[in-house]
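Undergrad: Here the protein sequences come in this chain order: A and B. FYI, the numbering for the first sequence is 22 to 292, going by the working numbering. FYI, the numbering for the second sequence is 22 to 292, going by the working numbering. From the three backbone atoms N, C-alpha and C, an ideal C-beta is built for every residue, glycine too. Computed from a predicted structure; not experimentally measured.
Protein chains: 2
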Amino acid sequence: MKNVLLTITYDGTDFCGWQKQPDQRSAQGEVERVLSIVCAQPIQINGTSRTDAGVHAYGQRASFAAEFSIPTEKIPMVANGIFASAASEKSRKASGEIAILAAEEVPSEFHARFDAIGKKYIYKILNSQRPDPFRRNYCYQVGRRLDVDAMRQAASHVIGTKDFKCFQAAGGKVLESTVRTIHSVRLGSLENNEVKFEVIGDGFLYNMVRIIVGTLVDVGLGRKNPDALPEIIKSKDRQLAGHTAPPQGLYLAEVFYGNEALRNAAEAMKE
Amino acid sequence: MKNVLLTITYDGTDFCGWQKQPDQRSAQGEVERVLSIVCAQPIQINGTSRTDAGVHAYGQRASFAAEFSIPTEKIPMVANGIFASAASEKSRKASGEIAILAAEEVPSEFHARFDAIGKKYIYKILNSQRPDPFRRNYCYQVGRRLDVDAMRQAASHVIGTKDFKCFQAAGGKVLESTVRTIHSVRLGSLENNEVKFEVIGDGFLYNMVRIIVGTLVDVGLGRKNPDALPEIIKSKDRQLAGHTAPPQGLYLAEVFYGNEALRNAAEAMKE
Chain A
22 MKNVLLTITY
32 DGTDFCGWQK
42 QPDQRSAQGE
52 VERVLSIVCA
62 QPIQINGTSR
72 TDAGVHAYGQ
82 RASFAAEFSI
92 PTEKIPMVAN
102 GIFASAASEK
112 SRKASGEIAI
122 LAAEEVPSEF
132 HARFDAIGKK
142 YIYKILNSQR
152 PDPFRRNYCY
162 QVGRRLDVDA
172 MRQAASHVIG
182 TKDFKCFQAA
192 GGKVLESTVR
202 TIHSVRLGSL
212 ENNEVKFEVI
222 GDGFLYNMVR
232 IIVGTLVDVG
242 LGRKNPDALP
252 EIIKSKDRQL
262 AGHTAPPQGL
272 YLAEVFYGNE
282 ALRNAAEAMK
292 E
Chain B
22 MKNVLLTITY
32 DGTDFCGWQK
42 QPDQRSAQGE
52 VERVLSIVCA
62 QPIQINGTSR
72 TDAGVHAYGQ
82 RASFAAEFSI
92 PTEKIPMVAN
102 GIFASAASEK
112 SRKASGEIAI
122 LAAEEVPSEF
132 HARFDAIGKK
142 YIYKILNSQR
152 PDPFRRNYCY
162 QVGRRLDVDA
172 MRQAASHVIG
182 TKDFKCFQAA
192 GGKVLESTVR
202 TIHSVRLGSL
212 ENNEVKFEVI
222 GDGFLYNMVR
232 IIVGTLVDVG
242 LGRKNPDALP
252 EIIKSKDRQL
262 AGHTAPPQGL
272 YLAEVFYGNE
282 ALRNAAEAMK
292 E
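1) To the nearest angstrom, how far is the alpha carbon of B:I180 from that of B:I203?
2) Starting from B:I66 and walking both ways along the beta strand (DSSP E), at which residues does that stretch end?
3) If the criterion is Cβ atoms closer than 9 Å, does the pair B:P97 and B:A120 meet it?
4) Residues of chain B with CB under 7 Å from A:E118, in chain order?
5) How do the segment 118 to 135 of chain A and the segment 28 to 44 of chain A stand: do at least 3 beta-carbon pairs fall below 8 Å, yes or no?
6) Interface residues of chain A around B:F31 at Cβ under 7 Å?
7) Which residues mark the beginning and the end of the beta strand (DSSP E) in which A:L147 is found?
8) For B:S129 and B:A86, what's the separation of their Cα atoms in angstroms?
9) Looking at C-alpha atoms only, which residue of B:A262, B:V76, B:V240 is the closest neighbour of B:R167?
10) Quick one: what's got a C-beta closer than 7 Å to A:I58's C-beta in the same chain, skipping five residues either side?
11) With a cut-off of 9 Å, does the C-beta of B:N101 fall near any C-beta of chain A?
12) Identify the continuous alpha helix (DSSP H) that holds A:Q174 and give its terminal residues.
13) Figure out for me which residue from A:I254, A:R165, A:N148 has the closest Cα to the Cα of A:N214.
14) Which term fits A:Q49, buried or exposed, when burial requires 16 or more other beta carbons within 10 angstroms of its beta carbon?
15) Kindly give me the distance between the Cβ atoms of A:Q40 and A:R82, rounded to whole angstroms, as I take these residues to be in contact under 8 Å.
16) Kindly list the residues whose CB is nearer than 7 Å to the CB of B:D153, restricted to its own chain and excluding five residues on each side of it in sequence; keep chain order.
17) Measure from the C-beta of A:F104 to each C-beta in chain B and report whether the shortest distance is under 9 Å.
18) Please tell me whether B:R151 has its Cβ less than 9 Å away from any Cβ of chain A.
19) For the ligand ADP, any of its heavy atoms closer than 8 Å to the Cβ of A:A86?
20) Classify A:R244: buried if its beta carbon has 16 or more other beta carbons within 10 angstroms, exposed otherwise.
21) Considering just the uninterrupted stretch of the alpha helix (DSSP H) at A:Q49, what are its terminal residues?
22) How about the segment 248 to 257 of chain A and the segment 51 to 69 of chain A: do they share at least three Cβ pairs that are nearer than 8 Å?
23) Buried or exposed: which applies to A:K186, given that a residue is buried once 16 or more other Cβ atoms fall within 10 Å of its Cβ?
24) Excluding the five sequence neighbours on either side, which residues of its own chain have a C-beta within less than 7 Å of the C-beta of A:E53, listed in chain order?
25) Comparing alpha-carbon positions, which option in A:V206, A:D184, A:K23 lies nearest A:L196?
26) Please determine, among B:N24, B:D73, B:A61, B:Q62, the residue with the shortest C-alpha to C-alpha distance to B:D35.
27) Cα separation between B:P268 and B:S177?
28) What would DSSP say about A:V76, mapped onto helix, strand or coil?
29) For A:M22, is the classification buried or exposed, using 16 other Cβ atoms within 10 angstroms of its Cβ as the cut-off for buried?
30) Buried or exposed: which applies to B:I232, given that a residue is buried once 16 or more other Cβ atoms fall within 10 Å of its Cβ?
31) What did DSSP end up calling B:K255 once you bin it into helix, strand or coil?
32) Give a yes or no on whether the minimum CB-CB distance between B:L167 and chain A is below 9 Å.
33) From B:V220, B:F89, B:T199, B:G224, pick the residue whose C-alpha is nearest to that of B:S256; which is it?
34) Which of the three DSSP states, helix, strand or coil, is assigned to A:R284?
35) Applying the 10 Å Cβ sphere with the 16-neighbour rule, what's the burial state of B:K141?
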């Protein structure tokens, strides 16, 4: 029995999200469908992060255990060949909305979700009045000019180990603790009308990144003071935080399994 | 009666093309639907270029004549508001796959297609083995490394006034003449795994840009000699030219109505 860890990228636009749901197209469902062909048996995978509908991934992880004959390192090539030929005949779209970037054998007790010690998300904001059809599914468009410096100041307040209940969407499952550690954040400069927000943490509450970004946008538009963030966090009150930024700007960028990789990534963001 | 010239950008992924077709979503159909609301009467437009399914536009042009009360310069803002709110409820996609970038009043005899004296197309090639779900609808992915210098040398041979019958797809309507003038071409360097081809001409045969690009890719892969291009063109034989590159890499970039604008754009590409 091999235990395999996959690295997966996908454009989430046309998925109901990562997780399988009846009668809907999910990223997990598509990966399982293709792996079942590649491994010649029904395959079920455990993904690290249940990304929502419209949310993208540069580096989702998932693991599965099975006995199969194809060499593990050939899985990406063979699977991507199937993904690339799987274009729906009803659509003019190019195929290949998912690709497996890597497959590696891991110890039998390894689990893609439970063994993850941190994740990095990226959120892209298009700050332009002029509509851009080519970025509509990949950015959050904000028409009014954002004060990026104020947003950066506000973002610095989310670093640390805190109770982030104020950034948790209603409707998520009730968690024992809403305390999380944010290791590092970075808000880039406006480039090609785009502002990129990056965040690394040990875990994230439901919609947490999108609510943080919505709050930062409120700051960038002058609706909130950047130094109100500590108060908002202390309040644990979702009503005091900002709006929930839309899913299409959000990317699961990386999942960390080792302390060193996590530390290096967090350090790299401080440069 | 006002005669109005529009500048339109669209992501062609989900359209059957520019031109209206029964029971299908077209860019023309969407623009007419929204303008009919904005102008409070049925509007029909004349587009400059009948882009194919999957082909994109940065600067399609179209004109229409009507009497309407909204100030012409407000058309883009109002129309884009409707485009942006028109997301299908069946889809998770962000709305706004079309936007009107400009609307200007022109003399009554002006016609967006018949008065165009030239066009610029851009074609994007993703030269990478690694699949990229986010560019699949916006580039032609070629896995093997391209010899961009050889392609550039080949591209230089298409400049001039020539019979380009070899670059005309079968199935296009029979034309009186297949002579066209290509004013300028440019093939950029590989950047972020992308190679950009730009071409300005007085007119283009059916699938001409895509067949030129397919021929250049054949050159880049070593299947054709860059200096075979003059022979291929002279032959007037479609079989001797290369394959037809797929639609999703192609963008109608600009339409020219004045000699000066055309000359400036062609000169700018030589820099």
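TA: Reading it off the structure:
1) Taking the second sequence and counting its residues from 1, one reaches residue 180 of chain B at position 159. Taking the second sequence and counting its residues from 1, one reaches residue 203 of chain B at position 182. Going by the C-alpha atoms only, they are around 5 Å apart.
2) Numbered from 1 along the second sequence, position 45 holds the residue referred to as residue 66 of chain B. Note, B:I66: premise wrong, no beta strand (DSSP E); not H, not E.
3) As a working mapping, residue 97 of chain B is identified with position 76 in the second sequence. As a working mapping, residue 120 of chain B is identified with position 99 in the second sequence. Yes. Within cutoff.
4) Looking up residue 118 of chain A in the first sequence gives position 97. Those are P154, R157, listed as they occur along chain B.
5) They touch, by the three-pair rule.
6) On the second sequence, position 10 is the one that residue 31 of chain B refers to. It should be pointed out that residue 31 of chain B corresponds to Tyr in this sequence rather than to Phe. Chain A residues near B:Y31: P154.
7) Along the first sequence, one-based indexing puts residue 147 of chain A at 126. It spans 139 to 148 - the beta strand (DSSP E) in which A:L147 sits, taken as one unbroken run.
8) By one-based count along the second sequence, residue 129 of chain B stands at place 108. By one-based count along the second sequence, residue 86 of chain B stands at place 65. B:S129 and B:A86 have their C-alpha atoms roughly 8 Å apart.
9) Residue 167 of chain B sits at position 146 when you count from the first residue of the second sequence. According to the sequence as given, residue 167 of chain B is Leu; it is not Arg. When each option's Cα is compared against that of B:L167, the closest is B:V240.
10) Here residue 58 of chain A refers to the residue found at position 37 when the first sequence is read from its first residue. Same-chain partners within the cutoff: I103.
11) Locating residue 101 of chain B in the second sequence gives position 80, where the first residue counts as 1. Answer yes: the Cβ-Cβ gap between B:N101 and chain A drops below 9 Å somewhere.
12) Numbered from 1 along the first sequence, position 153 holds the residue referred to as residue 174 of chain A. 169 to 177 is the span of the alpha helix (DSSP H), which, as asked, contains A:Q174.
13) Reading the first sequence from its first residue, position 193 is the one you call residue 214 of chain A. Measuring from the Cα of A:N214, the nearest candidate turns out to be A:N148.
14) Within the first sequence, the letter at position 28 stands for residue 49 of chain A. Label assigned to A:Q49: buried.
15) Along the first sequence, one-based indexing puts residue 40 of chain A at 19. Along the first sequence, one-based indexing puts residue 82 of chain A at 61. Not really, about 14 Å apart at Cβ, beyond 8 Å.
16) Here residue 153 of chain B is taken as the residue at index 132 of the second sequence, counted from 1. Answer for B:D153: L147, listed in chain order.
17) As a position in the first sequence, residue 104 of chain A is number 83, starting the count at 1. Yes, A:F104 counts as interfacial toward chain B.
18) The residue you call residue 151 of chain B lines up with position 130 of the second sequence. Answer yes: the Cβ-Cβ gap between B:R151 and chain A drops below 9 Å somewhere.
19) In terms of ligand content, the structure shown is empty, and the ligand ADP therefore cannot be addressed.
20) Taking the first residue of the first sequence as 1, we reach residue 244 of chain A at position 223. By the beta-carbon neighbour count (other beta carbons within 10 angstroms, threshold 16), A:R244 is exposed.
21) Residue numbering aside, residue 49 of chain A sits at position 28 when the first sequence is read from its first letter. 48 to 59 is the extent of the alpha helix (DSSP H) around A:Q49.
22) no
23) The residue you call residue 186 of chain A lines up with position 165 of the first sequence. Answer is buried; the Cβ neighbour count reaches 16.
24) As a position in the first sequence, residue 53 of chain A is number 32, starting the count at 1. The answer, listed in chain order, is I64, Q65, I66.
25) Working through the first sequence from its first residue, we reach residue 196 of chain A at position 175. The shortest CA-to-CA distance from A:L196 to any of A:V206, A:D184, A:K23 is the one to A:D184.
26) Counting from one through the second sequence, the residue named residue 35 of chain B turns up at place 14. That would be B:D73, whose Cα lies nearest to the Cα of B:D35.
27) One-based indexing of the second sequence puts residue 268 of chain B at position 247. One-based indexing of the second sequence puts residue 177 of chain B at position 156. Between B:P268 and B:S177, the C-alpha separation is close to 23 Å.
28) Numbered from its first residue, the first sequence carries residue 76 of chain A at position 55. A:V76: coil per DSSP, three-state reduction.
29) The sequence position of residue 22 of chain A within the first sequence is 1, counting from 1. Its Cβ having fewer than 16 others within 10 Å, A:M22 is exposed.
30) Translated into positions along the second sequence, residue 232 of chain B becomes position 211. By the 10 Å Cβ count, B:I232 comes out buried.
31) Counted from its first residue, the second sequence places residue 255 of chain B at position 234. If DSSP states are grouped into helix, strand and coil, B:K255 belongs with the helices.
32) Locating residue 167 of chain B in the second sequence gives position 146, counting from the first residue. No, B:L167 lies away from the interface with chain A (no Cβ there is under 9 Å from its Cβ).
33) Indexing the second sequence from 1 puts residue 256 of chain B at position 235. Of the candidates B:V220, B:F89, B:T199, B:G224, the one whose C-alpha sits nearest the C-alpha of B:S256 is B:T199.
34) As a working mapping, residue 284 of chain A is identified with position 263 in the first sequence. Helix, per DSSP.
35) For the purposes of this step, residue 141 of chain B is taken as the residue at position 120 of the second sequence. Looking at its Cβ environment, which holds 16 or more other Cβ atoms inside 10 Å, B:K141 is buried.
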